[in-house]
Amino acid sequence: MANVIEQRDDAPIVAARNKDTPRDAGDAVEEPSGGALAGWAVTISRPVAEIYAYWRDFKNLATFMDNVVSVSSLDSRRSHWVVKAPAGQNVEWDSVVTEDVENELIAWRSEADAQVPNSGRIEFRDAGARGTIVTAAILYDPPGGAVGKVIAKMFQREPAIQSRRDLRRFKQLMETGEIATAARTKAQREAERC
Numbered sequence: 001m002a003n004v005i006e007q008r009d010d011a012p013i014v015a016a017r018n019k020d021t022p023r024d025a026g027d028a029v030e031e032p033s034g035g036a037l038a039g040w041a042v043t044i045s046r047p048v049a050e051i052y053a054y055w056r057d058f059k060n061l062a063t064f065m066d067n068v069v070s071v072s073s074l075d076s077r078r079s080h081w082v083v084k085a086p087a088g089q090n091v092e093w094d095s096v097v098t099e100d101v102e103n104e105l106i107a108w109r110s111e112a113d114a115q116v117p118n119s120g121r122i123e124f125r126d127a128g129a130r131g132t133i134v135t136a137a138i139l140y141d142p143p144g145g146a147v148g149k150v151i152a153k154m155f156q157r158e159p160a161i162q163s164r165r166d167l168r169r170f171k172q173l174m175e176t177g178e179i180a181t182a183a184r185t186k187a188q189r190e191a192e193r194c
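Sequential numbering from 1 applies to the sequence shown in UniProt numbering.
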């Protein structure tokens, strides 16, 4: 019987054909049991150091992540997250940074008691004159399992949908200083009342 040679899949985890294929430790993301995978990439016309620094200050994430209510730093590696969930509920958890390479990547995982177990990594690659390529890979356990995932999709709160939108908003914010929206702002509503 011929020996089967295990082939290495060099694709990023979000694009790999076989997610179980062995890969470098640097590609690993700690997966919660039953985890669903979301991953996207965007090129932002700004220097990698600027993009990394903005993202690494976790309180900034609420400025462009639509479902993030707040992120507060507990110490240099831990943060507390409050995120909108379907049906007007909020979920909370603490996360710990598991890997941090300045201007290259930030990896994290939620702590054991998280309402939404998750882990992931954000990579920042210099794209020369084009700016920075930002790649996000997020693994998560949807609350309520498969049913919870369907409900989250119905309310547009599912992480795969949100991560794509959040990266687009991040690109707008970093390139123009604002996020385009068709919705009226609080200031516009107040001006109409006067």
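Glycine included, each C-beta is placed from N, C-alpha and C at the ideal position.
Check, Outcome
"Where the beta strand (DSSP E) containing residue 92 begins and where it ends", "90-101"
"Pair within 8 Å by beta-carbon distance, residue 116 and residue 167", "no"
"Residue 63, buried or exposed, once every other Cβ within 10 Å from all chains shown has been counted against 16", "exposed"
"Beta carbon of residue 132 nearer than 8 Å to that of residue 46", "yes"
"Counted within 10 angstroms of its Cβ, other Cβ atoms place residue 89 as buried (16 or more) or exposed", "exposed"
"Spatially closest choice to residue 83 from 173, 177, 95 and 76, by CA coordinates", "95"
"7 Å CB neighbourhood of residue 41 in its chain, flanking five on each side removed", "133, 134 and 135"
"Rounded C-alpha distance that separates residue 60 from residue 79", "12 Å"
"Residue 66, DSSP secondary structure in three states", "coil"
"DSSP state of residue 176 mapped onto helix, strand, coil", "helix"
"Nearest-angstrom Cα separation, counted from residue 69 out to residue 85", "10 Å"
"Buried or exposed by the 16-neighbour rule on C-beta atoms within 10 Å, applied to residue 192", "exposed"
"Status (buried if at least 16 other CB within 10 Å, exposed otherwise) for residue 113", "exposed"
"Selected residue, minimal CA-CA separation from residue 73, among 65, 93 and 176", "93"
"Residue 107 - containing alpha helix (DSSP H), residue span", "Careful: residue 107 lies outside any alpha helix (DSSP H), inside the beta strand (DSSP E) at 105-110."
"Alpha-carbon spacing of residue 54 relative to residue 120, whole angstroms", "18 Å"
"Limits of the unbroken beta strand (DSSP E) element including residue 83", "78-84"
"Bridge partner(s) assigned by DSSP for residue 123", "105 and 135"
"Cβ pair residue 66, residue 165 closer than 8 Å", "yes"
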